[in-house]
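Asks: Just passing along the structure, written as structure tokens.
Chains as they are written, first to last, in my numbering: chain A, 1 to 301; chain B, 302 to 611.
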């Protein structure tokens, strides 16, 4: 049973315990608008950490009311990031969101040994994307860019993070397709070997709570008809929930086809830290940012 | 000529070539499938391609009957050995009797082996043979050419330069006077830890020094800044290619194949493909392709053949 329509994330988020989100440097590019929309839908409590004056001016300019939203005044980006991370690690907030600040700056704080959000596991990015031409079917794409060229063990960590997230959003046994350019094992194509190893680790229970199969070319992972034409028999073929990409180039290109060529909405979150991190790009739409907040809040529970 | 911006315009252009220069001749290896024969019949009726069907005569006849196509308009060469089918079809092209080499039901290995055969094949010096997908996507007003997502697995810089030049030639055959070429990576900055960003920088420079011609190359680009002007602007990228890429060169088969398949399955698009870099256009479609995709590939081959003979 594949999942459809990302609106369920908002319902799921609104129906549970209300989480508090700390937003570092929420300056523009729809971040503020998304936080206000999340408030209006009663999804989360928000704390904006940054230059208070700047935040108020931006809100006024965009005609946004900041009622019910807490502001913590920190003038510099560096201190705003540190403060917001400390709020999450100290328990004053349940999840973190990146505003208009460099990802590297945020991650440096997140990985701080004393007051950061390290949990001893691997950090990875998961993006849920809704595909209109497939009836709103949702695909999870991972890793979207935290790990450049993951080895087999790293790929296991990426899968584990994604599986935990899928369990939280109500998918008990996600189908995971390890992607390559082809659906056969080819000794000259390293990612097909990793895919075969991951499939076997899934068979042997070394990877739990999901079914992993591969290698798949993207078509036979997402389309039952394409899988049939190739004669592939697998519960994952055509039914993939999560697309595991071999490296950052693949993840970036597939993700951007979805966002820029198919113009779809999605929800993205960084997993594997003690609390989820909502890390959207400045080009993501307001709706994608709002859905990402909802996803992050559900994962934070 | 006017730039071809939709794949329907490509068909119109092929028809125009047929009218002005006469139809091109397609040599089809193992033409034993009804869907394929109906695509070939459509190309014939539109006046841009006649076909020579090589394969088992009885099977060709049965497929034509199933497609409701009269074989009186076709030359059929009866050959039942699959290896020989490839050799005979490709020899028709290298001898000049046919203009385009096309794959039917023949196994890809046999088809390509014939294409690369030193005596009767279509090799052109040391040039790399490459594949190109061409796409139209809803919301964009021109054709995207993506290479190489199918033929070369992990091309090095020299092979990428060939792939790039092959693809630029196809874009020019589509009337793109000076194609804008984006060399894709995951990021738009040079990063020593990401080899494809280094290749992208080198290809850009090879273009500036005149080693790659008839186009404007830039890279590395992430896909967004190659296709979206707004995104390029936000990132502060100043380049004539940013936001306007016609041609996109992918780092390797894994990234290219996933990207193309995401396009095909996740967006509203039309897609077909062609093999480039041989002495004549080569059409390699898969059995899963629709007759329309096969027809579009033949039309592109006709356009390329006309361009190469200019």
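No residue lacks a Cβ here, since even glycine has one placed at the ideal position from N, Cα and C.
Assess contact between the stretch 317–326 of chain B and the stretch 585–604 of chain B, defined as three or more Cβ pairs (one per stretch) separated by less than 8 Å. Is contact present?
Replies: Flag = yes, the stretch 317–326 of chain B and the stretch 585–604 of chain B touch.
Asks: Got a sec, what are the start and stop residues for the beta strand (DSSP E) residue 22 of chain A sits in?
Replies: Taken as a continuous stretch (DSSP letters only), the beta strand (DSSP E) holding residue 22 of chain A covers 19–24.
Asks: Using a Cβ cut-off of 9 Å, which residues of the stretch 266–288 of chain A contact any Cβ in chain B, in chain order?
Replies: Those residues of the stretch 266–288 of chain A that come within reach of chain B (Cβ to Cβ, closer than 9 Å) are 281, 282, 283.
Asks: Restricting to Cα atoms, I'd like to know which of B:368, B:547, B:342 is closest to residue 335 of chain B.
Replies: Residue 335 of chain B has its Cα closest to that of B:368, out of B:368, B:547, B:342.
Asks: What does the alpha-carbon distance come out to for the pair residue 266 of chain A and residue 284 of chain A?
Replies: When rounded, the distance between both Cα atoms is 9 Å.
Asks: Identify which residue in B:480, B:471, B:332, B:346 has its Cα closest to the Cα of residue 407 of chain B.
Replies: Nearest of B:480, B:471, B:332, B:346 to residue 407 of chain B, Cα basis: B:332.
Asks: Report the neighbours of residue 554 of chain B on chain A: residues whose CB is nearer than 7 Å to its CB, in chain order.
Replies: What residue 554 of chain B touches in chain A: 181.
Asks: What is the C-beta distance between residue 226 of chain A and residue 589 of chain B, in whole angstroms, given that I count them as a contact (C-beta under 8 Å)?
Replies: Yes, they are in contact, since the Cβ atoms of residue 226 of chain A and residue 589 of chain B sit about 7 Å apart, within 8 Å.
Asks: Residue range of the beta strand (DSSP E) that residue 572 of chain B falls in?
Replies: Start and end: 570–577.
Asks: So is the beta-carbon of residue 27 of chain A under 8 Å away from any non-hydrogen atom of the ligand MG?
Replies: Ligands are entirely absent from the displayed structure, and the ligand MG is therefore not among its contents.
Asks: Near residue 361 of chain B, what residues of its chain come up, given a Cβ to Cβ distance below 7 Å and the 5 sequence neighbours on each side ignored?
Replies: Counting only Cβ-Cβ distances below 7 Å, and skipping sequence neighbours, we find 332, 333, 354, 377.
Asks: Can the beta-carbon of residue 518 of chain B be found closer than 9 Å to that of residue 404 of chain B?
Replies: It is not a contact, given that the beta carbons lie outside the stated cut-off.
Asks: State yes or no: is the C-beta of residue 375 of chain B within less than 9 Å of the C-beta of residue 337 of chain B?
Replies: No, Cβ-Cβ distance for residue 375 of chain B and residue 337 of chain B is not below 9 Å.
Asks: With distance defined between alpha-carbon atoms, name the residue in A:41, A:78, A:271 nearest to residue 108 of chain A.
Replies: The shortest C-alpha separation from residue 108 of chain A is found at A:78.
Asks: Of the residues that make up the stretch 369–387 of chain B, which ones have a beta carbon closer than 7 Å to any beta carbon in chain A?
Replies: Cβ contacts with chain A come from no residue of the stretch 369–387 of chain B.
Asks: Please check the pair residue 15 of chain A and residue 49 of chain A, which I expect to be a contact at CB under 8 Å, by giving their CB distance rounded to whole angstroms.
Replies: Going by Cβ atoms, the distance from residue 15 of chain A to residue 49 of chain A rounds to 27 Å, so no, they are not a contact pair.
Asks: Taking residue 316 of chain B as the reference, which of B:347, B:428, B:530, B:413 has the closest Cα?
Replies: Considering only alpha carbons, the answer is B:347.
Asks: Give me the Cα-Cα distance between residue 437 of chain B and residue 487 of chain B, rounded to the nearest whole angstrom.
Replies: If you take the alpha carbons of residue 437 of chain B and residue 487 of chain B, they lie about 22 Å apart.
Asks: Which of helix, strand or coil does DSSP assign to residue 592 of chain B?
Replies: It is helical.
Asks: Hey, would you say residue 502 of chain B sits closer than 9 Å to residue 522 of chain B, going by beta carbons?
Replies: No, they are not a contact pair.
Asks: I want to verify the contact list: residues of chain A whose CB lies under 7 Å from the CB of residue 621 of chain B, in sequence order.
Replies: The shown model of chain B, from 302 to 611, leaves out residue 621 of chain B, and the question about it has no answer.
Asks: I need the straight-line Cα distance from residue 586 of chain B to residue 231 of chain A, nearest angstrom please.
Replies: Using only the alpha carbons, I get a separation of about 18 Å.
Asks: Closer than 8 Å between beta carbons: that is the criterion. Which residues of the stretch 173–204 of chain A meet it against chain B?
Replies: Those would be 179, 180, 181, 182, 188, 189, 191, in chain order.
Asks: Report the CB separation of residue 161 of chain A from residue 124 of chain A in whole angstroms; it is logged as a contact under 8 Å.
Replies: Right, their Cβ atoms sit about 5 Å apart.
Asks: Closest by CA to residue 42 of chain A, which one among A:299, A:293, A:3, A:301?
Replies: For the residues A:299, A:293, A:3, A:301, the minimum Cα distance to residue 42 of chain A belongs to A:293.
Asks: Do you know offhand how far residue 185 of chain A's Cα is from residue 122 of chain A's?
Replies: Looking at the two C-alpha atoms, the distance is approximately 27 Å.
Asks: Across the stretch 420–436 of chain B and the stretch 533–543 of chain B, are there enough close Cβ pairs to call them in contact, namely three or more that are closer than 8 Å?
Replies: Too few Cβ pairs lie closer than 8 Å, so no.
Asks: So with Cβ pairs under 9 Å, would you call residue 302 of chain B a contact of chain A?
Replies: Not one chain A Cβ lies under 9 Å of residue 302 of chain B.
Asks: Can you pull the chain A neighbours of residue 563 of chain B, defined as C-beta to C-beta under 7 Å?
Replies: In chain order: 218, 254, 257, 258.
Asks: Going by CA-CA distance only, name the one from A:155, A:187, A:273, A:216 that's closest to residue 247 of chain A.
Replies: Comparing Cα positions, the closest option is A:155.
Asks: DSSP state of residue 374 of chain B, grouped into three classes?
Replies: Helix, per DSSP.
Asks: When the Cα atoms are used, what is the spatial distance from residue 319 of chain B to residue 372 of chain B?
Replies: Near 20 Å, if we compare the C-alpha coordinates of residue 372 of chain B and residue 319 of chain B.
Asks: With a threshold of 9 Å between beta carbons, is residue 104 of chain A in contact with chain B?
Replies: False, the Cβ-Cβ gap to chain B never drops below 9 Å.
Asks: In or out: residue 188 of chain A buried (at least 16 other Cβ within 10 Å) or exposed?
Replies: Looking at its Cβ environment, which holds fewer than 16 other Cβ atoms inside 10 Å, residue 188 of chain A is exposed.
Asks: Counting only Cβ pairs nearer than 7 Å, list the residues of chain A close to residue 494 of chain B.
Replies: Chain A residues near residue 494 of chain B: 148.
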